[in-house]
Structure formats: structure tokens, C-alpha cells
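Inspection log for the structure reproduced underneath, given as C-alpha cells.
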Amino acid sequence: MTYNFVNPYNFVPFEGKCRRSPLQKGGTGDKTLTGYIQCELTTLTPIFIPNTSNDKALHKEVEQEGASYDFYSYADLGTDNKGAANDRYQQPVIPGSELRGVIRSVHEAAFNGCMSSVDLNRLLHRRTNKIKKPGLLRRNCSGEWELLECSREGLKKWRTKKLVEGQKIYLDRHQRGDRDFREYRQGRYEQEAYFHKGEFFGKKTKESAFVPGKMIVGVSEREIKRFKRLLNGYKNGEFKTKTEGHNQYEAYIRYVGDLENLPLNRWIPVYYEPYKDNQGNDMAAYFTPAMMSQEVFDTSIKQLLHEHGEYEPCQDRGNVCPVCVLFGMTGTTSIASRVRISDARVEEQADGDASRFFMQDTVWPELGEPKPSAVEFYTYHLNNQVRSFSPKYEYWTYDYKRVGTNLQFLSSKDIQLRGRKFYWHSEPGVHAEVELSSMRQRVRPVKDNVVFKFRLYFDRVTEDELARLCWTLTFNDSDCAHKIGRGKPIGFGSVRIKTAEIKVRTIDPVTGEWLLTDYEADRLPVNKLSLTKPMQDLQRIANWTSSKHSRVTYPFIDSKNNASSSGINDSASHQWFKQNRIEKTHRSEFKDVLHRIQEDAPDSVNKER
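The opening residue of the sequence shown carries number 312 in this note's numbering; numbering runs sequentially from there.
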């Protein structure tokens, strides 16, 4: 397995600390400017922003599954009108809200703003490949949690249809291999065990019996709370699975019920991770309903952002970053925005034919969601910031790292988020005509070389603020371009923005009339802005001219050079991540971690910075 790709996204690093100060009342004197920037947006690759008024707008008559969307327009396509956009074309529109999100994200990264749009409540979790040990968990007569070590025996699945989760059974004490059992103790059926059904997977032939051992292992209240969060995550569908027939452990969750009110001495079959605490006591952690399952973590995104620069979203008018002062802030102490962005529109054609703006309808391959669970891509373990290709990297999660056979717990001081996520430019791949499915969508993208026009309105901004807005729009580099809309990982969404003119509002000293006059862009101190490392990395990843990678793809396994490859589903990135993690009894590590932007940028781009 080799690192023979450029990952579609990378991260512009944070720089120091997010600078905040009390909000100052905006002035209206000579030192502030009000007006607009006239902008032209040219598509460099096809782009797609959906019209969500109809999720079957491009369906064919026989198609039932999946979703299909026309490009965004002012037309209401009707929620029940299947195929409403087939052979019908609307004037494409890029909503101002979409432009605002793109522009604000770049502005925050370039000028050290907070992470205004981050989801602080997102549960951090990860599926582990390390096989856990079986155990029986209970609250004892003293009300304390404890775990009994177990061995696990196989039961033939067809024999267990009438058993329920956690049911006590009795195994044939003389039998080996798949064990026979009775529901009551009789004769040689006297070895006590507890039934655990587990979840469905293809060709499953066995279920499990947990046979109690003798050793009692300590359990902290923290682990019980973590277990409860895990079960709630499955219950609420936060851990998506693609295995047909997988029911998110519904029967298991019903059996466990409310952990806080669990009857005393009621055994719960669990799998767990053993470790020794600081006093050398045997302890159990990370309870799960399966040998290989999701783990949820105590460390939160909010803690990580706060610990390393206080980049969590602004919430207090008395302590606000410069970007929120300019773009506004929502919440109980909201701040009005001094920037407004219009919708971007094309020039309407005299013949009214809008079809010329679009490429052929296409069915996209399945696109994954952001997965912060991939710590080797989203975070640094702070002992591992200096990287090279030769050594391997110790295995870490948001909560712990493995040292030999033991867990060493980490705090938010030990893990740092890599920064703000942006996508490389690349040429869109050619997608073969495939059928719709529950995981695929048909879309109608706007093609490349289409010109849209929009305005960015500003209100009472300083020259420095206006200069920063102009830098954000153009990167002060004609080789650079933004990414917008859906399909960024597969090469869609590259657009270049140019500022055509700047108009400011002035007062005629004679008549007192409000006038719009030209403002010379050369007067703005754009070239005098200090080019920080985040700004340089933005220019690297935004470089369209030199950084169009032919190797931009999610991780995959090169089956030709991989002896362990089965050839089945190798192109799926989860196979790469699975093989990138080595989780063995005495050794756990990552084979590789995400490159930094500078490592994947072409030499010609790096020399310019």
C-alpha cells in the first residue's frame, strides 16, 4: 500500500490565537466606505448547486430509487412532479448565501477569524479494527459497576432463533467447537453462559455465548457514560452502516434499556478494551455491542478549538473576532453584517434558450461525508508533527494512544485539529452512465466557461477591511480560484472571481445628493497586506493554473502492488484506511498520515510563496 494520491481536501493551519476584542460601534465618518464591488464569476470546471424544490426533477419514468436535482434557479419545480426538469431548462442562479459561505470561509482562514460554521455538537467517534474482549457488565449489590471477564463460545445460528438478548443458557460441558445448549440446567448441560445475538452480516452462521470467568475488572463511571452515548448514537442513527440488514443493535439497546436505572446484578454482554490504571489495577474501557464497533470519545471539537487558539465560534459582542465584526454573528447577542452578497446570474439569452449553460445530466458516484473520525487526516498528535515517509506513526485517537498493550489516555492538549478544510482543484473525471440508486444522484451541472455576475455590498467599512475583502475575492493572484457547490472531491466547483469595479457612496458637497462614484482599486493597500502562512497555504491550494492534480482522489489501494489485495471493493477509501491502521496485540500504528499542503503543492507553486 503506497501513498500514491493527492487527497481531495487539505487543511489551512491555524495561526497562533484567534484575536478578539469588544465590539466597537460603527462610525459613519470620512474613514469608512459604503458601496459595492461588481464581480464576475467564471466557471473553470462544471459546478452544481441543487434546486431542492424537487428531489426527483430528473428522474426517468421507470426510476424509483435515489434523488435527482436540477441546477438552482428561481423556478419551483414542485415536490411531487417526477421528471419536472427533463428537457426543460431554467436560467441558472448561484444563491448569494452560497457565495457568502465560500467567501466568508476564505476570509476566516486568511485573516485569523473564528470557525463560525463549525458544528460543536458533533459526536467524535471511530470504528476500531482491534478485536475487543468479551465480558459481562453489571451494577452490583453496592451499586458499583464491575465487569466479569468471559470466554466466548460459538452457537449455531439456526439453534438460537427463540433466544433473546442476554438470556441465561447452559452449555454442554463436554462439547468442543460449536456448543449445544439448553435453556435450563440438566445433566451435562450445566456450564452457565449468557446469549449475545450480535448484528446481521452476510453468511453469518454463528451467534455467541459469553461464559463467565473468575476475574472482576474495575469500571469507571466515565466509561458507563461513554457506553450510554454510544448506544444513543446507534439509536439515533449517528453511525451510518452500509450493511444490508444491519439494525443498529435495536434488540441489544432494548435489552440494555436505561443504564442509569439498570436492575442490580443484571448481566449485560459487552465487548471491552482492557487497560491498567496508574496504580496498576486492571480496568475496562470503551464498551461496545460488537468485537469491532464504533468508539465514542470524550474529547470534543469545542475543547480542541479552545485549547489551541480559542477558535470556537464567537458568541459574545464583548469578545468578537474581526471577521464576525465584518460578516456578522447570530445568536442571542447578534451582530448585523456589514457585507451583503447578491445572487449571481447569467445574462439572459435573447432566444430564451438556457440549455446552452448546462452540460449533460450525469449520475454522480457516491460521495462521502466529512469524517473527522480519520484522526490521521484531521488532526496532529503533538508528538508527531515532524513527519517523513520512512517511520511509522503511533496509533492515536481523540482520547488515547496505544503504548504496547496498554492505553495511554490523552487530553485536548495532546491533539490538535489541522486547521480549516479546503479542496484542491482538479479536472472532473468522466463518469460512466450508471443507474440511480439510494446512494447515487443524477444532477444537471452548469458547464465550464459560463460567466455569472454578482455584487458584494459593503457598509461602513474601513479601507483595510475593503482591501481584505478584495484579497478574499481574488487571492490577489490571478492564478487562484475558489471552489463552490457540490462535487468538490471529484473536480466540480472551480470558479474564478474577478472584481470589475468598485463603487462607493459619496455626498455631493454642493447639492447634498448621494452619488455613486468609482473607487480606484489601486488606492487599496491589498499589496501591503502581510502574507501570513495561512494566506500562503490558501494560495497554494487555490492555485488553478499549476495545481490541477491528475492524482486527486480519495485514498485507494493499488491492487497491482498490494499482495493482500482481494481486488474486491479496493477503490473504496475505507479499505485504504483499514490497511493504514495496524492494530495488533503488541503493536498499533498508522502507516502514513495526511500530507501538508506544501508537500502536495507542485514545486512551481511552492517557489512562488
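We treat Cβ as the ideally placed atom computed from N, Cα and C, and that holds for glycine.
task: Could you work out which residue in Asp381, Val821, Gln402 is closest to Ala655 when comparing CA atoms only?
output: By 1-based counting over the sequence shown, the position of residue 655 is 344. Of Asp381, Val821, Gln402, the residue nearest in Cα terms is Gln402.
- request: Within the stretch 438-492, note down every full beta strand (DSSP E) run reaching 3 residues or more, in order along the chain.
  value: 444-450, 456-467, 479-483
field: CA-to-CA distance, Arg493 to Arg438, given in whole angstroms
entry: Here residue 438 corresponds to residue number 127 of the sequence shown, with the count starting at 1. Here residue 493 corresponds to residue number 182 of the sequence shown, with the count starting at 1. Each residue's Cα considered, the two are about 35 Å apart.
message: Taking contact to mean 3 or more Cβ pairs, one atom from each stretch, closer than 8 Å, check whether the stretch 757-777 and the stretch 342-349 are in contact.
response: yes
- prompt: At a cut of 8 Å, does the stretch 419-434 reach the stretch 318-337 through at least three beta carbon pairs?
  reply: yes
- prompt: For Leu826, does the three-state DSSP call read helix, strand or coil?
  reply: Counted from its first residue, the sequence shown places residue 826 at position 515. Note: Leu826 maps to strand in three-state DSSP.
message: Quick check on DSSP: helix, strand or coil for Gln590?
response: Locating residue 590 in the sequence shown gives position 279, counting from the first residue. It is coil, neither helix nor strand.
field: Residue closest to Tyr985, alpha-carbon to alpha-carbon, out of His507, Phe506, His485
entry: Any answer about residue 985 is impossible in this case: the structure gives the chain only from 312 up to 920.
- request: Answer with buried or exposed for Ser997, where buried requires no fewer than 16 other C-beta atoms within 10 angstroms of its C-beta.
  value: Residue 997 lies beyond the range of the chain shown here (312 to 920); nothing can be said about it.
query: Are the CB atoms of Ser857 and Val815 nearer to each other than 8 Å?
result: As a position in the sequence shown, residue 857 is number 546, starting the count at 1. As a position in the sequence shown, residue 815 is number 504, starting the count at 1. The answer is no: Cβ separation not under 8 Å.
query: Among residues of its own chain, excluding the 5 on either side of Leu435, which ones have a beta-carbon nearer than 6 Å to its beta-carbon?
result: Position 124 of the sequence shown, counted from the start, is the residue given in the question as residue 435. Excluding positions up to five away in sequence, the list reads Phe608, Tyr709.
Opposing strand residues paired with Phe506 [DSSP bridges]: Counted from its first residue, the sequence shown places residue 506 at position 195. Answer by DSSP bridge pairing, in chain order: Ala520.
- prompt: What is the C-beta distance between Gly740 and Ile801, in whole angstroms, given that I count them as a contact (C-beta under 8 Å)?
  reply: Within the sequence shown, residue 740 is the residue found at index 429, counting from 1. Within the sequence shown, residue 801 is the residue found at index 490, counting from 1. With 8 Å as the limit, Gly740 and Ile801 qualify as a contact, their Cβ atoms being about 6 Å apart.
- prompt: How many angstroms separate the CA atom of Asn432 from the CA atom of Val821?
  reply: Mapped onto the sequence shown, residue 432 falls at position 121. Mapped onto the sequence shown, residue 821 falls at position 510. The straight-line gap from Cα to Cα measures roughly 57 Å.
field: Span of the beta strand (DSSP E), counted from its first residue to its last, around Arg713
entry: One-based indexing of the sequence shown puts residue 713 at position 402. That run of the beta strand (DSSP E) goes 711-714.
query: For Arg411, which of helix, strand or coil comes out of DSSP?
result: The residue given as residue 411 occupies position 100 in the sequence shown. Three-state DSSP puts Arg411 in a helix.
query: Going straight from the alpha carbon of Lys371 to that of Ala378, what length do you get?
result: The residue labelled residue 371 in the question sits at position 60 within the sequence shown. The residue labelled residue 378 in the question sits at position 67 within the sequence shown. Looking at the two C-alpha atoms, the distance is approximately 11 Å.
- request: Can you say whether Pro319 is buried or exposed, counting buried as having 16 or more other CB atoms within 10 angstroms of its CB?
  value: For the purposes of this step, residue 319 is taken as residue 8 along the sequence shown, with counting starting at 1. Buried is the call here.
- prompt: DSSP puts Gly642 in a beta bridge; with which residues?
  reply: Locating residue 642 in the sequence shown gives position 331, where the first residue counts as 1. According to DSSP, Gly642 bridges with nothing at all.
query: At which residues does the beta strand (DSSP E) containing Ala378 begin and terminate?
result: Residue mapping note: residue 378 aligns to position 67 of the sequence shown, counting from 1. From DSSP, the beta strand (DSSP E) with Ala378 extends over 378-380.
message: Given this structure, state the Cα-to-Cα distance separating Pro702 from Met603, to the nearest angstrom.
response: As a working note, residue 702 is residue 391 in the sequence shown. As a working note, residue 603 is residue 292 in the sequence shown. Residue placement at Pro702 cannot be trusted, given a pLDDT of 46 that sits under 50; the coordinates are not used to answer.
query: Would you report the Cα separation of Gly663 and Tyr385, rounded to the nearest angstrom?
result: Start at 1 with the first residue of the sequence shown, and residue 663 comes out as number 352. Start at 1 with the first residue of the sequence shown, and residue 385 comes out as number 74. For Gly663 and Tyr385, the distance between alpha carbons rounds to 15 Å.
In DSSP terms, what Ser627 is bridged to: Translated into the one-based positions of the sequence shown, residue 627 becomes position 316. According to the sequence provided, residue 627 is Asp. The question's Ser does not apply to it. Note: Asp627 sits in a beta bridge opposite Asn630.
field: Residue-level contact to chain D via CB, Gly477, 8 Å cutoff
entry: The question asks about chain D, but that chain is absent: this structure has only one protein chain.
field: Of the listed residues Leu678, Glu687, Ala685, nearest to Met750 (C-alpha basis)
entry: Mapped onto the sequence shown, residue 750 falls at position 439. When each option's Cα is compared against that of Met750, the closest is Leu678.
query: Can you give the Cα-Cα distance for Tyr583 and Val528, rounded to whole angstroms?
result: Residue 583 sits at position 272 when you count from the first residue of the sequence shown. Residue 528 sits at position 217 when you count from the first residue of the sequence shown. Rounded to whole angstroms, Tyr583 to Val528 spans 11 Å at the Cα level.
query: For Arg487, does the count of other Cβ atoms within 10 angstroms reach 16, so buried, or fall short, so exposed?
result: Residue 487 sits at position 176 when you count from the first residue of the sequence shown. Classification of Arg487: exposed, given that the 10 Å Cβ count is below 16.
task: Throw me the rounded Cβ distance for the Phe316 and Phe688 pair, which I believe falls under 8 Å.
output: The residue given as residue 316 occupies position 5 in the sequence shown. The residue given as residue 688 occupies position 377 in the sequence shown. Contact flag wrong, Cβ pair sits at about 12 Å.
Residue environment, Thr471, which counts as buried when at least 16 other CB atoms sit within 10 Å: By 1-based counting over the sequence shown, the position of residue 471 is 160. Result: buried.
- prompt: Taking the Cβ atom as the reference point for each residue, do Arg755 and Leu747 lie within a distance shorter than 8 Å?
  reply: As a working mapping, residue 755 is identified with position 444 in the sequence shown. As a working mapping, residue 747 is identified with position 436 in the sequence shown. No. Outside cutoff.
- prompt: With a cut-off of 8 Å, do at least 3 Cβ pairs link the stretch 395-409 to the stretch 358-369?
  reply: yes
field: With 16 other Cβ atoms within 10 Å as the buried cut-off, status of Phe624
entry: Taking the sequence shown and counting its residues from 1, the one referred to as residue 624 is at position 313. A small correction: the amino acid at residue 624 is Pro; Phe does not occupy that position in the sequence shown. So Pro624 counts as buried.
Under the three-state DSSP convention, the category Asn854 falls into: For the purposes of this step, residue 854 is taken as the residue at position 543 of the sequence shown. Note: Asn854 maps to strand in three-state DSSP.
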